[in-house]
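Numbering (my numbering), first residue to last: 788 to 1088.
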């Protein structure tokens, strides 16, 4: 198996990442956003929507440079996620994250954009199209599905997430955020025990630092709502260019659901990569070319 990148590789990639800018979102406050361009450069704008628990940099660091050569790239941490995600706003559901994306676009003067979502970010992208159709020019959906709480096992896992929200809030209220994250990691490792494909211990520590910089109770609330998300009743109405990047060995979002997602939309361009759910970080040699092809399919249409 090809080894994943080392932390030094990721740090080099981040030196070429779009710079951070602070935008003010009405009713929510300031948010640090990575933005590679300005409104007048004529390139397609991509809104990069990261997955559950992680940060924008953890999800997209391997793709920032290549995408920025072709498009205007905009990325930020979702509410409660990472070190920079919004801490304001009472709710942290999928629709709220979609509305945040629309607010970011408005603050940057972006009238039309392609929504690029990974895992939970794919659900956010779908919700963004449904809630703000005049904004979304195209969809690129990676390692994601139209519904997540499908099987009895799924529902059991999402109930466990719900049960964790209250204890996390209690620990956060007394300043024990780090302890809350330690318990969450122990529980997650105990239930999943999945390998990520990352072979550099330093990279694994950096990834964990990115994750635990978030607010656990808000992250869990987003996960709880992800379990309720279901686009199967309306995804067939998608009438804009769209593409799917599917992982054949995904152990988080079953490959059959990724196939069903692609089949639910008319004339979907599908890019299949033989790797697991951590492809964005652990296998950039497979993920980034497929992502570039998918973005090309959508922006050329």
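Every residue gets a Cβ at the ideal spot worked out from N, C-alpha and C, and that includes glycine.
- About 20 angstroms separates the CB atoms of residue 933 and residue 1078; that is not less than 8 angstroms, and the two are not in contact.
- Closest in alpha carbon position to residue 817, among 873, 966, 940, is 873.
- In this structure residue 931 is buried. Its beta-carbon is surrounded by 16 or more other beta-carbon atoms within 10 angstroms.
- Taking the Cβ atoms as the reference, residue 1082 lies roughly 10 angstroms from residue 929, outside the contact range of under 8 angstroms.
- When the five nearest sequence neighbours on each side are left out, the beta carbons in the same chain lying within less than 6 angstroms of the beta carbon of residue 819 are those of 807, 809, 871, in order along the chain.
- Here DSSP, grouped into helix, strand and coil, assigns residue 1060 to strand.
- By the CB criterion at 9 angstroms, residue 1008 and residue 952 fall inside the cutoff.
- As DSSP reads the structure, residue 821 sits in a beta bridge with 807, 862.
- By DSSP's assignment, residue 934 forms a beta bridge with 1017.
- Going by C-alpha positions, residue 943 is about 18 angstroms away from residue 1044.
- For residue 883, the number of other beta carbons within 10 angstroms of its own is at least 16, and it is reported as buried.
- The region 1025–1044 makes contact with the region 908–928: 3 or more CB pairs, one atom from each, lie closer than 8 angstroms.
- Across the structure, residue 958 and residue 868 are spaced so that their CA atoms are roughly 17 angstroms apart.
- Across the set 1062, 856, 946, the C-alpha of 856 shows the shortest separation from the C-alpha of residue 828.
- The DSSP-derived three-state label of residue 1023 is helix.
- When the five nearest sequence neighbours on each side are left out, the beta carbons in the same chain lying within less than 6 angstroms of the beta carbon of residue 909 are those of 928, 931, in order along the chain.
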